[in-house]
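Residue numbers (full-length UniProt numbering), protein chains in the order written: chain H, 1 to 361; chain L, 1 to 361.
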């Protein structure tokens, strides 16, 4: 970030900060950028140039690998504007990227934000969006360092590119699983799918605590950054990714990348209590939501069988988030099987998870 | 990039590459990613993981600063789908980012592409889009290393984040201009504005060469990467940015950042011949288009007065693109003035250039 005192006080072409309630079309691009800059504290010295320049200039720690990932939130596809507060939308837009970073065992550092805005959106809304991104990034010491704002005729789009780092010997990718590895997952599953149900339809249940937890799981997932880093540091995790497309969908990615198969014990899948209660109230199968619901942003990983105890102990040391052994890695020709409590088996290869271009639920 | 042989031949969940003419909704997200991967050669060894993983893993040259910039192209705002070929759109989406990198004197390295697509868009279209990005990036040895694809209900959006590097002593920012510096610009101006005129309206002129040049200047600008790096290496350029918002608009950014003013000699502004002819045919002022048109993607820079000859000689050594002295930097209190051929002066501070949220032309 250039010294804020310099650019704020420049007289040539300066318009001053827009007042509350202003729409972005009235504030103008540069008024908007001024407002966004003023939200954030001075970044640390590794940010040579931040918000306000066309290009962010960053000092990369020597020896580390650079990680880069991006993911967007499109109004009407990933969220409905009247169903989520702007600050929560900002948190979510950051969290889905933090989650990808976590799944590599990476350290998030800097975010570049591409914002596409209808002209009538209030500047206050945009500020809250950035505050939310700042909340989620700041928890891990990461910063918004720049980006771009553009007018979108009718939809709000928040596209975040997150940069981070990992030591070369700490990087976990999705393709290292071997037959015999133990399959594990952090946290609980299906809560996000349950939250979507509460947001989009009526659930015949009076339990507000269930609703609140489910909606929170959906709207503001918390990326498992500390867990991902701790898992990478154990040296026992052979493959990892985050559960964004649904457990079975992401497991299929892990299996395809590693040329392995997997057996999932349905009874061991940690179904979120709010998923269980919501699904039952709607006459749906909670296990199905946990296996295929998506957007839980937990970590799915394959562990060297001799390292399972060490991994569980390590996770307990850094986090209250539980972890579960849910199955094992087998040979590729066995495919992906789900073993149900009644002993029946189903091949899950064709059931998949979330496809962004597939049919809508 | 993970070994392509591994992921392509994985049996679990693999759908094979979609055939020509398929829409993205039929190919599915993973079929689409396979197709995109197969378009590009194996990247160099600094790309540890590229297209196909959620996170790109990159090896940053030690000692260099990391540069990050993003800019998007939104259908209906920045382009009309039936007025530009997908390959040209890809070139343009890369070029506007390469231009920002060029203006810092940076070396482009890697692009992360966030693509938002209507489900009925043909896969061939998406392939051509990536080919175009590959064309423009490949000219400078840069690569697409990853990104994200998402469904957009009704518009195509191409959002590119470009990463690059610069040696700490070679970085040029926008804020270093001092009174007495000489103001220069590469190439010619107004050509892009003229191209827009040909694309959006009828121009009463039969000169196809004028039309072709104008339309090319608008659709597929060529970023001045070699020129930017050469300028940074002279050690004589004190501030630089690219002309995306119009000469006067970008000059206002440069003046605000450096707390200086500027005098522009209108007669010295290099009006593109195709701008001159198109504007005259339409009864418009070509100088106005050159000063305010925007999207020319030339470099505007302030040079230490003792270094002007060296700068001109250096540019001639690396590029056929002409450069022009168009004015000088003055004190902040003098504002930004344009001196017209008849000797009259106008203060340009309030005239500005392109504001993404301002009124449409």
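The beta carbon of each residue, even a glycine, is placed where N, CA and C say it ideally should be.
Between which two residues does the alpha helix (DSSP H) carrying residue 273 of chain H extend? The count along the first chain starts at 1 and reaches residue 273 of chain H at position 273. Segment 273–281, the alpha helix (DSSP H) holding residue 273 of chain H.
Would you decide whether residue 306 of chain H is buried or exposed? Buried here means 16 or more other CB atoms lie within 10 Å of its CB. Here residue 306 of chain H refers to the residue found at position 306 when the first chain is read from its first residue. Under this definition residue 306 of chain H is an exposed residue.
Pair every Cβ in the stretch 121–131 of chain H with every Cβ in the stretch 330–343 of chain H, then say whether three or more of these pairs are closer than 8 Å. In short, these stretches do not touch, since the Cβ pair count stays below three.
C-beta atoms of residue 260 of chain H and residue 177 of chain H nearer than 9 Å: Stepping through the first chain from its first residue, residue 260 of chain H is reached at position 260. Stepping through the first chain from its first residue, residue 177 of chain H is reached at position 177. Yes. Within cutoff.
Using C-beta distances below 6 Å, list every residue in its chain close to residue 346 of chain L, excluding the 5 sequence neighbours before and after it, in chain order. By 1-based counting over the second chain, the position of residue 346 of chain L is 346. 338, listed in sequence order.
Go to residue 289 of chain H, then tell me how far its alpha helix (DSSP H) extends in each direction, as first and last residue. On the first chain, position 289 is the one that residue 289 of chain H refers to. 286–292 is the span of the alpha helix (DSSP H), which, as asked, contains residue 289 of chain H.
Do the stretch 164–180 of chain L and the stretch 156–173 of chain H touch if we need at least three Cβ pairs shorter than 8 Å? Between the stretch 164–180 of chain L and the stretch 156–173 of chain H, the count of Cβ pairs shorter than 8 Å is below three; the stretches do not touch.
Can you find the residues in the same chain that come closer than 8 Å, C-beta to C-beta, to residue 82 of chain L, ignoring five residues on each side of it along the sequence? Looking up residue 82 of chain L in the second chain gives position 82. Excluding residues within five positions, none has a Cβ falling inside 8 Å.
Could you tell me whether the Cβ atoms of residue 270 of chain H and residue 312 of chain H are closer together than 9 Å? For the purposes of this step, residue 270 of chain H is taken as residue 270 along the first chain, with counting starting at 1. For the purposes of this step, residue 312 of chain H is taken as residue 312 along the first chain, with counting starting at 1. No Cβ-Cβ contact shorter than 9 Å links residue 270 of chain H with residue 312 of chain H.
Taking the Cβ atom as the reference point for each residue, do residue 223 of chain H and residue 324 of chain H lie within a distance shorter than 9 Å? Translated into positions along the first chain, residue 223 of chain H becomes position 223. Translated into positions along the first chain, residue 324 of chain H becomes position 324. The answer is no: Cβ separation not under 9 Å.
Under 9 Å, Cβ to Cβ, is there at least one residue of chain H near residue 321 of chain L? Within the second chain, residue 321 of chain L is the residue found at index 321, counting from 1. No, its Cβ sits nowhere closer than 9 Å to a Cβ of chain H.
Under the assumption that residue 157 of chain L contacts residue 157 of chain H (Cβ atoms under 8 Å), give the Cβ distance between them as a whole number of angstroms. Position 157 of the second chain holds residue 157 of chain L. Position 157 of the first chain holds residue 157 of chain H. Confirmed, about 7 Å.
Which value, in whole angstroms, describes the spacing of the CA atoms of residue 359 of chain H and residue 202 of chain H? For the purposes of this step, residue 359 of chain H is taken as residue 359 along the first chain, with counting starting at 1. For the purposes of this step, residue 202 of chain H is taken as residue 202 along the first chain, with counting starting at 1. Confidence is the limiting factor: at residue 359 of chain H the pLDDT is only 46, short of 50, which leaves the residue's position unreliable, though a coordinate-based value still follows. The alpha-carbon atoms of residue 359 of chain H and residue 202 of chain H are separated by roughly 22 Å.
In chain H, what lies closer than 8 Å to residue 62 of chain L by C-beta? The residue labelled residue 62 of chain L in the question sits at position 62 within the second chain. What residue 62 of chain L touches in chain H: 62 and 63.
Whole-Å CB distance - residue 272 of chain H paired with residue 189 of chain H, under 8 Å assumed: Within the first chain, numbered from 1, the residue matching residue 272 of chain H stands at position 272. Within the first chain, numbered from 1, the residue matching residue 189 of chain H stands at position 189. Between residue 272 of chain H and residue 189 of chain H a beta carbon distance of about 6 Å is seen, short of the 8 Å cut, so the two are scored as contacting.
Please identify the residue among L/140, L/121, L/173 and L/195 whose C-alpha is closest to the C-alpha of residue 149 of chain L. By 1-based counting over the second chain, the position of residue 149 of chain L is 149. Residue L/121 is the option with its Cα nearest to residue 149 of chain L.
By a C-beta neighbour count over all protein chains shown, 10 Å radius and 16 as the cutoff for buried, is residue 142 of chain L buried or exposed? Here residue 142 of chain L is taken as the residue at index 142 of the second chain, counted from 1. A residue is called buried once 16 or more other Cβ atoms fall within 10 Å of its Cβ, and residue 142 of chain L is buried on that count.
Examine the Cβ distances between the stretch 211–219 of chain L and the stretch 228–248 of chain L and report whether three or more of them are shorter than 8 Å. Touching, no.
Cα-Cα, which of H/196, H/315, H/28 and H/287 is closest to residue 235 of chain H? Your numbering for residue 235 of chain H matches position 235 in the first chain. Closest in alpha carbon position to residue 235 of chain H, among H/196, H/315, H/28 and H/287, is H/315.
Would you check if the distance between the CB atom of residue 194 of chain H and the CB atom of residue 275 of chain H is smaller than 9 Å? Within the first chain, the letter at position 194 stands for residue 194 of chain H. Within the first chain, the letter at position 275 stands for residue 275 of chain H. It is a contact, given that the beta carbons lie within the stated cut-off.
With 9 Å set as the bound, which would you pick, yes or no: does the beta-carbon of residue 104 of chain L sit closer than that to a beta-carbon of chain H? The residue given as residue 104 of chain L occupies position 104 in the second chain. Answer yes: the Cβ-Cβ gap between residue 104 of chain L and chain H drops below 9 Å somewhere.
Under the rule that 16 or more other beta-carbon atoms within 10 Å means buried, what is residue 267 of chain L, buried or exposed? In the second chain, counting from the first residue as 1, residue 267 of chain L sits at position 267. Classified as exposed, residue 267 of chain L has fewer than 16 neighbouring CB atoms from the shown chains inside 10 Å of its CB.
Using DSSP's beta-bridge definition, name the partner residues of residue 68 of chain H. In the first chain, the residue the question calls residue 68 of chain H occupies position 68. BP columns for residue 68 of chain H point to H/163 and L/56.
Could you name the residues of chain H that residue 56 of chain L contacts, counting a contact when the two beta carbons are closer than 9 Å? Position 56 of the second chain, counting from 1, holds the residue named residue 56 of chain L. Within 9 Å Cβ-Cβ: 66, 67, 68 and 69.
Of all the CB atoms in chain H, is at least one closer than 9 Å to the CB of residue 38 of chain L? Locating residue 38 of chain L in the second chain gives position 38, counting from the first residue. Judged by the 9 Å Cβ criterion, residue 38 of chain L is not in contact with chain H.
Distance cutoff 9 Å, beta carbons only. Does residue 153 of chain L sit that close to anything in chain H? As a first step, residue 153 of chain L must be located in the second chain, where it is residue number 153. Yes, its Cβ sits closer than 9 Å to a Cβ of chain H.
In this structure, how does DSSP classify residue 345 of chain H when only helix, strand and coil are distinguished? Within the first chain, the letter at position 345 stands for residue 345 of chain H. Strand at residue 345 of chain H.
Cβ closer than 8 Å: which chain L residues qualify as neighbours of residue 220 of chain H? In the first chain, residue 220 of chain H corresponds to position 220, counting from 1. The premise fails here: residue 220 of chain H is roughly 20 Å from chain L at the closest Cβ pair, so nothing lies under 8 Å.
Under a Cβ-count criterion, where at least 16 other Cβ atoms within 10 Å of its own Cβ denotes burial, should residue 113 of chain H be classed as buried or exposed? Position 113 of the first chain, counted from the first residue, corresponds to residue 113 of chain H. Flag for residue 113 of chain H reads buried.
Please decide whether residue 184 of chain L counts as near chain H, where near means a Cβ-Cβ distance under 9 Å. Residue mapping note: residue 184 of chain L aligns to position 184 of the second chain, counting from 1. In terms of beta-carbon proximity, residue 184 of chain L stays away from the interface with chain H, with every pair separated by 9 Å or more.
Is there at least one Cβ from chain H nearer than 9 Å to residue 294 of chain L's Cβ? For the purposes of this step, residue 294 of chain L is taken as residue 294 along the second chain, with counting starting at 1. Residue 294 of chain L does not count as touching chain H.
Tell me which residues of the UniProt domain "PurM-like C-terminal" (178–335) of chain L have at least one Cβ-Cβ distance to chain H shorter than 7 Å, keeping chain order. Of all residues in the UniProt domain "PurM-like C-terminal" (178–335) of chain L, 241, 252, 255, 256, 257, 259, 261, 332 and 335 have a Cβ within less than 7 Å of some Cβ in chain H.
Taking all protein chains shown into account, do 16 or more other C-beta atoms lie within 10 angstroms of the C-beta of residue 340 of chain L, making it buried, or fewer, making it exposed? Position 340 of the second chain, counted from the first residue, corresponds to residue 340 of chain L. With fewer than 16 other Cβ atoms within 10 Å, it is exposed.
For residue 103 of chain L and residue 138 of chain H, the rounded distance between their alpha carbons: For this step, residue 138 of chain H is matched to residue 138 along the first chain. For this step, residue 103 of chain L is matched to residue 103 along the second chain. Their backbone Cα atoms lie some 30 Å apart in a straight line.
So with CB distances below 8 Å, who are the chain H contacts of residue 174 of chain L? In the second chain, residue 174 of chain L corresponds to position 174, counting from 1. Those within 8 Å of residue 174 of chain L in chain H are 53 and 54.
One or two residues paired with residue 117 of chain L in a DSSP bridge: Here residue 117 of chain L refers to the residue found at position 117 of the second chain. According to DSSP, residue pairing for residue 117 of chain L in a beta bridge involves L/151.
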